[in-house]
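In the numbering used here, the protein residues as written are 16 to 247. Shown next, in structure tokens, is the structure this report addresses.
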């Protein structure tokens, strides 16, 4: 696990350099871009962003200029720093606060004891990818269609194809979605009733299309996706 602090203004500068519309680009995506520019193939993923870290540490109110990032990667802090120093541009390199306790890593165990109970907090985008084109209707009875390969909000995907009199709520659907993620990925199990939805919003997210072109050459598009915090 790696911890680093990234300067907010530096993230904005990077976004402008990459041609991103900053008024439509969320901090998480800017951090994603920065980690890739800094650490290349060693970029931590998944990662978690704390935009309002406590300011009562040794660096005081200076912390407000940064976001704190925790993430997982196969490289330790020395290897990450060497990669950034040798390959990142000077502007990108200055994004990260390399001082002492502001940047570091902790080796995680390869295995955890069976039956060990752990708590988790997960910020997720619960979507499903439709394998084929189809149609359904929303709660108001209006038709809705989707094409093969399209990503849909897991709740809408369920609501558009369920019986009209079914009682559906987002928390239940997202619990089921997360349970499937645990089942598919392995390593741990979770009971749906132990999962709680702490926060939900629909966010406009700016992303670049996938492709073989360089990052700056790929077109930017904005999508609406669910942004959810789940705990258990």
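Built from N, CA and C at the ideal position, the CB exists for glycine as well.
At which residues does the alpha helix (DSSP H) containing residue i begin and terminate?
i           : result
residue 31  : 23-32
residue 47  : 42-54
residue 187 : 185-200
residue 173 : 169-174
residue 105 : 105-108
residue 98  : 92-102
In angstroms, rounded to a whole number, what distance separates the CA positions of residue i and residue j?
i           : j           : result
residue 128 : residue 202 : 11 Å
residue 165 : residue 211 : 27 Å
residue 19  : residue 78  : 12 Å
residue 182 : residue 170 : 12 Å
residue 136 : residue 215 : 14 Å
residue 193 : residue 141 : 8 Å
residue 88  : residue 98  : 13 Å
residue 120 : residue 92  : 5 Å
residue 3   : residue 150 : The structure shown does not extend to residue 3, since the chain spans only 16 to 247, so no value can be given for it.
residue 209 : residue 153 : 29 Å
residue 117 : residue 155 : 51 Å
residue 113 : residue 133 : 31 Å
residue 122 : residue 147 : 42 Å
residue 220 : residue 40  : 6 Å
residue 108 : residue 198 : 39 Å
residue 115 : residue 21  : 14 Å
residue 65  : residue 173 : 31 Å
residue 200 : residue 157 : 36 Å
residue 255 : residue 237 : Outside the modelled stretch of the chain, which goes from 16 to 247, sits residue 255, for which no answer is possible.
residue 62  : residue 37  : 21 Å
Measure how close the beta-carbons of residue i and residue j come, nearest whole angstrom, since I'm counting them as under 8 Å.
i           : j           : result
residue 110 : residue 29  : 7 Å
residue 95  : residue 188 : At roughly 38 Å, the Cβ-Cβ gap does not stay under 8 Å, so residue 95 and residue 188 are not in contact.
residue 145 : residue 167 : 6 Å
residue 34  : residue 235 : 7 Å
residue 207 : residue 191 : 6 Å
residue 185 : residue 175 : Contact flag wrong, Cβ pair sits at about 14 Å.
Can you tell me where the beta strand (DSSP E) holding residue i begins and where it ends?
i           : result
residue 62  : 62-65
residue 244 : 235-246
residue 138 : 136-139
residue 144 : 142-144
residue 149 : 149-152
residue 160 : 158-161
residue 82  : 81-86
Taking 6 Å as the limit between beta carbons, can you name the residues of its chain near residue i, skipping five residues before and five after?
i           : result
residue 244 : 138, 213 and 214
residue 51  : 58
residue 43  : 64
Which residues in the same chain have their Cβ closer than 8 Å to the Cβ of residue i, if we skip the five residues on either side of it in sequence?
i          : result
residue 55 : 98 and 102
residue 57 : 88, 89, 90, 94, 95 and 98
Excluding the 5 residues flanking residue i on each side, which residues of the same chain have their C-beta closer than 7 Å to its C-beta?
i           : result
residue 228 : In this predicted model, residue 228 has a pLDDT of only 49, less than 50, meaning its place in the structure is not dependable enough to derive any value.
residue 23  : 80, 81 and 82
residue 45  : 26, 29 and 30
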